[in-house]
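Below is one structure, written out as structure tokens, with a few remarks after it.
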Amino acid sequence: MERFIARHQAVITGTLSGYDRMLFKATLRGLSHVKGLLGFFGAKRVLLKDFGTFVQAQSARIKAHAEPVAQAAGRPCQYVPCSTASKEEIARQIAERDHITEDLICVLTCVEPCKSYALRRDRPTRQLQLVKTGRKCLFVYFYFLDREFGFLHVRLQTWLPFDLQVCLNGREWLARQLDKAGLAYTRWENCFLRLADPARAQRLMDRLLRKPWPQLLDRYARRCHPLLARGAVLADQRYYWTLRQAEYATDILFRDAASLATVYPVLVRHAIQCFTAEAILRFLGRRLDPRFQGAVSSTLVRRIEGLRIRHWVEENSLKMYDKAGRVLRVETTINNPRRFHVYRRVTRQGRRVMATALTCRQTPILELKHAA
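Using the working numbering, the first residue of the sequence shown is number 152, and each one after it goes up by one.
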């Protein structure tokens, strides 16, 4: 990339690299497996035969909490009947309609598939057993316009194991940091077309990696989750936060659309004609291996916004497109962090050491910088 920028420096006004969309997941580790859940029930003196009654009572408390939160803020609480409907689009329409500039936008509820537990009777022993299973339950979405992070949402599962998700955008956060620093910029959606000081903007963007994420995310968990309140059933539990999905983008800002239009078709042609499967695997942290059973694919699509080339390796992808006609964006989308090796803390021969290893099922918050 350095050689490309040096070659076209006369028409490039700056670059910016950092996280775009960030989806954090929170799990109660003691409730995420059968053995831990049995220990939790033992501590709470809940018998297996009372599993359904106990969980229904906790679920009802979460559901009953949603509407008062919305009413206290003077915001709507509405049910979304279709699980595939875009809750984000609904929330943005409400924010625009009601001229919301800060705090809670709305609360949305929707029945969606989830991973949970069920009680089964073991035929040979004729004893009740807890098993992991798929089911559907009500999810509660809290949409906010946060003073620091901008548009974000909290998604709360109302049935065991009460998982949480927080989704935000790194570019939204950066825009607020630029405003605070008094740095001028031109923005289109989640993209900056012009930056008065690109180097300083990049330094601000890098601060996102050093945020005290567990404390920040816990603040939203406590606000939206009534079972975490003092004296509630989960008051002694602590959520473990991971980065489940992420988009990491590098934007190259061109002086004008004509300057980008002269080089972009050549880049697209090279990307679709010259990149082999081995090269695409390498781009996404893999190597050619006879044991590899996944799929590698490439797509070239002309959209209203422009021409997009995308390379896939299983769930993860790398794409390039011309954004708003003036920005060349190269974006890595991570839907499965387990496909990557990162330099992280692992256990080797009984000792905790730093080494290169596969990531966890999701990226732990403390490894956010290494993942970037």
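By construction, the Cβ of each residue, glycine as well, lies at the ideal position given by its N, Cα and C atoms. Treat the numbers as computed from the prediction; the structure is a model and nothing was measured.
Integer Cβ distance of residue i from residue j, believed to fall under 8 angstroms
i	j	result
valine 464	valine 447	5 angstroms
leucine 303	phenylalanine 295	5 angstroms
leucine 344	arginine 477	5 angstroms
leucine 378	arginine 212	7 angstroms
serine 234	cysteine 261	6 angstroms
serine 267	leucine 311	5 angstroms
leucine 329	lysine 200	Wrong, their Cβ atoms sit about 58 angstroms apart, outside the cutoff.
glutamate 482	aspartate 171	7 angstroms
leucine 325	alanine 350	Rounded, the Cβ-Cβ distance is 14 angstroms, inconsistent with contact.
leucine 167	leucine 346	7 angstroms
Closest by C-alpha distance to residue i, when choosing among the options
i	options	result
threonine 284	Thr276, Arg271, Pro275	Arg271
glutamine 388	Leu179, Arg461, Val262, Cys257	Leu179
valine 220	Arg373, Ile485, Ile423, Asn486	Arg373
histidine 216	Glu299, Gln308, Leu458	Gln308
aspartate 297	Val282, Val481, Leu368	Leu368
leucine 385	Gln353, Gln500, Gly181, Asn467	Gly181
valine 218	Arg381, Cys375, Leu379, Leu418	As written in the sequence, residue 218 is glutamate, which differs from the valine given in the question. Comparing Cα-Cα distances from glutamate 218 to each of Arg381, Cys375, Leu379, Leu418, the minimum goes to Cys375.
glutamate 263	Pro232, Pro441, Ala409	Pro232
lysine 214	Arg420, Cys288, Ser267	Cys288
tryptophan 392	Gln424, Val419, Leu325, Trp364	Trp364
isoleucine 241	Asp348, Ala409, Tyr472, Tyr292	Tyr292
alanine 383	Lys331, Ala208, Ala347, Thr164	Ala208
alanine 422	Gln396, Ala412, His462	His462
leucine 534	Thr484, Glu482, Tyr415, Gln444	The structure shown does not extend to residue 534, since the chain is modelled only from 152 to 523, so the question has no answer here.
phenylalanine 434	Tyr371, Arg277, Gln444, Ser449	Ser449
glutamine 160	Ile245, Arg406, Gly169, Ala347	Arg406
asparagine 320	Val206, Thr498, Glu299, Ile245	Glu299
glycine 165	Leu394, Val419, Tyr336	Tyr336
isoleucine 156	Asp201, Val206, Leu394, Leu411	Leu411
valine 282	His184, Tyr371, Met173, Ala236	His184
glutamate 466	Gln396, Arg420, Arg503	Gln396
valine 305	Lys238, Ile251, Ala352	Lys238
glutamate 323	Val504, Leu469, Met173	Met173
glycine 436	Tyr472, Thr484, Arg454	Thr484
glutamate 398	Asn341, Arg495, Thr252	Asn341
glycine 301	Arg277, Arg286, Arg327	Arg327
alanine 409	Val162, Ser168, Arg442, Leu469	Val162
alanine 269	Phe205, Glu247, Pro275, Arg499	Phe205
glycine 445	Asn487, Gln366, Arg381, Arg454	Asn487
methionine 152	Phe192, Leu418, Arg370, Pro441	Leu418
arginine 454	Tyr230, Met471, Arg354	Met471
Residue i, enclosing beta strand (DSSP E) - first and last residue
i	result
valine 131	Since the first and last residues shown for the chain are 152 and 523, residue 131 lies out of range.
alanine 383	Per DSSP, alanine 383 belongs to no beta strand (DSSP E) and is neither H nor E.
serine 168	163 to 178
glutamine 316	315 to 320
tyrosine 399	391 to 405
leucine 479	478 to 485
aspartate 473	467 to 474
Residue range of the alpha helix (DSSP H) that includes residue i
i	result
valine 464	Not the alpha helix (DSSP H): valine 464 falls in the beta strand (DSSP E), residues 458 to 464.
leucine 411	408 to 424
arginine 373	364 to 375
arginine 154	153 to 158
alanine 428	428 to 434
Any non-hydrogen atom of the ligand COA closer than 8 angstroms to residue i Cβ
i	result
threonine 204	The model depicted lacks the ligand COA and carries no ligand whatsoever.
- Query: Does the stretch 310 to 327 come close enough to the stretch 173 to 189 to have 3 or more Cβ pairs within less than 8 angstroms?
  - Reply: In short, these stretches touch, since the Cβ pair count reaches three.
- Ignoring anything shorter than 4 residues or poking outside the stretch 196 to 255, list the alpha helix (DSSP H) runs there in chain order. 202 to 223, 238 to 248
- Can you give, in chain order, each stretch of the beta strand (DSSP E) that sits fully within the stretch 243 to 313 and has at least 3 residues? 254 to 273, 278 to 297, 301 to 308
- Message: I'd like the ranges of any alpha helix (DSSP H) spanning at least 4 consecutive residues and lying wholly in the stretch 323 to 359.
- Response: 349 to 357
- Pairing CB atoms from the stretch 414 to 429 with CB atoms from the stretch 186 to 195, are three or more of them under 8 angstroms? no
- At least three beta-carbon pairs within less than 8 angstroms, the stretch 248 to 266 to the stretch 222 to 229: yes
- Query: Do the stretch 470 to 489 and the stretch 399 to 410 make contact, defined as three or more Cβ pairs closer than 8 angstroms?
  - Reply: yes
- Query: For the 8 angstroms Cβ check, are there 3 or more pairs between the stretch 484 to 504 and the stretch 353 to 364?
  - Reply: no
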